[in-house]
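Please read the structure below before turning to the comments.
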Amino acid sequence: MSQAVSTLRIAEKAPRERFRAYTQRHLAELPKLASLSAAQRFEIEVVANVLPFRVNRYVAEQLIDWNRVPDDPLFRLVFPQREMLDPEDFAAMADLLRKRSSAVEISALANRIRAGLNPHPADQARLNSPELDGRTLDGVQHKYDETVLYFPARGQVCHSYCTFCFRWAQFIGDRNLRFASSRPDRLARYLRKNPQVSDLLVTGGDPMVMLAHHLESYIQPLLAPELEHVQTIRIGTKSLTFWPQRYVTDPDAPELLRLFERWVRAGKHVAIMAHYNHWRELDTPIAREAIRKIRGTGATIRSQGPLLRRINDDSNVWSRLWNEQVRLGIVPYYMFVERDTGAKQYFEVPLARGWQIYRDAMQQVSGLGRTVRGPSMSTSPGKVEIQGVSEVCGEKVFVLRFIQGRNSDWVQRPFYARYDERATWLDELKPAFGAPEFFFEPEFRQMTS
Ligand SMILES: *Cc1c(COP(=O)(O)O)cnc(C)c1O
Ligand code: SF4
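So, in structure tokens, the structure goes:
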């Protein structure tokens with residue numbers, strides 16, 4: 025009886041609870057932070073005035089191991105660290121806060137620092153916006169023929185924020201940098217005119233912050249019979265880590281699961297693209313229960329996430345993550361290279377080392393875990409995978425391929441870059457064999473000029 029009552033109470037509290045998160049203004053209220061020194065707390069505050077910071081109670085209380093802070097990977101996943109800013113920028117912000125400067129001064133400095141952190145990597149805003157009837161289709165990106173990205177306006181926040189987020193510009197209130205759509209009817213018209221599109225990828229932020237009936241209102245128009253060619257609905261989310269309650273105890277969890285079931289019955293492949301960085305995210309009973317509930321609807325779960333120094337730059341972390349995912353029925357899908365934005369210098373792992381980690385991890389999983397591709401760079405020309413390191417005609421090279429290309433003709437064609445132990449991104453690589461440029465560059469220049 026008392027058990028039932030307390031479950032009920034949690035369920036009633038859930039809608040507010042799910043957004044009860046601590047931001048830089050409420051740092052002092054986070055009980056667990058008391059275990060840190062005043063200097064550590066101040067460092068968090070300084071960086072949180074520049075990069076987005078938000079952590080909810082589930083992450084703070086159940087995922088982070090406070091005995092291992094600051095080295096705990098899940099602490100580093102959401103809590104800003106001093107080294108994430110350039111030392112000069114850090115000192116300047118620390119100085120303003122110590123002097124109790126005005127909010128105007130603080131935000132002016134924050135904006136100046138942010139502008140230097142490449143807020144829009146890979147030209148997303150400029151190059152990938154499709155048009156409908158001569159007007160930009162807001163909240164939609166279309167880069168690769170068969171997949172359209174959709175950013176529903178209500179799904180452009182997350183339950184907590186990752187310190188390495190590549191979409192961080194959306195979370196700092198700069199509306200010019202925001203992609204968002206509240207017009208599913210316009211998207212439906214666009215899809216009707218583009219029969220080559222087989223996949224709709226709903227993304228954010230995190231679409232799973234939405235109530236089930238909001239999510240339904242965005243997706244319902246896309247189930248129309250004329251859109252039969254859109255066979256897959258993917259949902260990019262970190263909710264399985266940040267708020268697994270979404271599928272278990274939230275008041276509208278049953279409604280949400282019925283929605284997935286309905287889409288599956290309507291003939292769609294419903295693919296939850298779950299963002300994971302560490303096997304510890306899979307370790308709580310509620311995270312496992314959420315996975316069971318989703319799988320019970322007929323939806324599939326695939327996993328993807330970036331390789332990050334100080335969080336998961338260890339092949340044992342990845343092999344354990346992939347093995348555990350296979351056990352739970354999740355299909356490992358992508359290992360990404362940390363993108364060239366935000367606190368990149370804090371997280372970056374050289375491509376050569378990233379490939380080594382991937383390879384060592386692959387050797388420790390069965391064929392069912394070797395579905396994962398990577399390490400893959402999401403660059404402006406396309407997704408470029410490091411396939412390996414080899415020696416050709418006496419020259420040590422990276423073997424690369426496009427997994428996705430702005431021109432689908434580039435896909436799956438091997439190409440070569442001079443081996444470079446320190447390079448961390450495609451723009452730092454030089455073509456091998458003395459070639460003046462990579463094979464795709466002339467065409468890419470033409471597409472983007
Ligand atoms: C990764 C990505 C996709 C999906 O690519 P898949 O290889 O099909 O998973 C689609 N659009 C953009 C812009 C992407 O970055
Ligand atoms: S879940 Fe994704 S969009 Fe949200 S903060 Fe993390 S990386 Fe950014």
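Residue numbers for the sequence shown follow my numbering, so the first one is 25 and each next one is one higher. Ideal Cβ positions, reconstructed from N, Cα and C, are used throughout, including at glycine.
Check, Outcome
"Bridge partners for Ser402 per DSSP, in chain order?", "Lys407"
"Where the beta carbon is closer than 5 angstroms to any heavy atom of ligand 2, which residues qualify, in chain order?", "Cys182, Tyr185, Cys186, Cys189, Arg191, Lys262"
"Mind checking Leu246: buried by the 16 CB within 10 Å criterion, or exposed?", "buried"
"Would you call the segment 233-251 and the segment 189-197 in contact, with 3 or more CB pairs under 8 angstroms?", "no"
"Taking the CB atoms as reference points, tell me whether Gln269 and Ile310 lie closer together than 9 angstroms.", "yes"
"What span of residues does the alpha helix (DSSP H) with Ala314 cover, start to end?", "309-320"
"My parser needs the beta strand (DSSP E) runs of 3 or more residues fully inside the segment 347-380; what are they?", "355-361"
"If you check the beta carbons only, do Val172 and Leu224 fall under 9 angstroms apart?", "yes"
"State buried or exposed for Glu36, treating a residue as buried only when at least 16 other CB atoms are found within 10 Å of its CB.", "With a pLDDT of only 36 at Glu36, under 50, the local geometry of the prediction cannot be trusted, and the value read off the model is given with reservation. Looking at its Cβ environment, which holds fewer than 16 other Cβ atoms inside 10 Å, Glu36 is exposed."
"For a test of the three-state rule: what should DSSP assign to Leu225, helix, strand or coil?", "strand"
"Does DSSP put Pro76 in a helix, a strand or coil?", "coil"
"Roughly how many angstroms separate the alpha carbons of Ala441 and Glu362, rounded to a whole number?", "19 angstroms"
"Under 8 angstroms from any heavy atom of ligand 1, does the C-beta of Gln165 make it?", "yes"
"Quick one: what does DSSP say Leu173 is sitting in, helix, strand or coil?", "strand"
"If you follow the alpha helix (DSSP H) that Met297 is in, where does it begin and where does it stop?", "Unbroken run through Met297 is the beta strand (DSSP E), 293-299; no alpha helix (DSSP H)."
"Please name the residue or residues paired with Ile243 in a DSSP beta bridge.", "According to DSSP, which records beta bridges pairwise, Ile243 is partnered with nothing at all."
"Would Val350 be called buried (16 or more neighbouring beta carbons within 10 Å of its own) or exposed?", "buried"
"Under the DSSP definition of a beta bridge, which residues are partnered with His166?", "Val172"
"Whole angstroms is fine: what's the gap from Val128's alpha carbon to Asn347's?", "49 angstroms"
"Report the three-state DSSP secondary structure of Ile335 (helix, strand or coil).", "coil"
"Taking 8 angstroms as the line, does the beta carbon of Ile257 fall inside it for any heavy atom of ligand 1?", "no"
"Would you kindly work out how many angstroms separate the C-alpha atoms of Glu155 and Gln255, rounded to a whole number?", "22 angstroms"
"Can you grab the Cα-Cα spacing for the pair Ala385 / Asp337, in whole Å?", "11 angstroms"
"Please state whether the Cβ-Cβ distance between Pro94 and Gln64 is less than 9 angstroms.", "yes"
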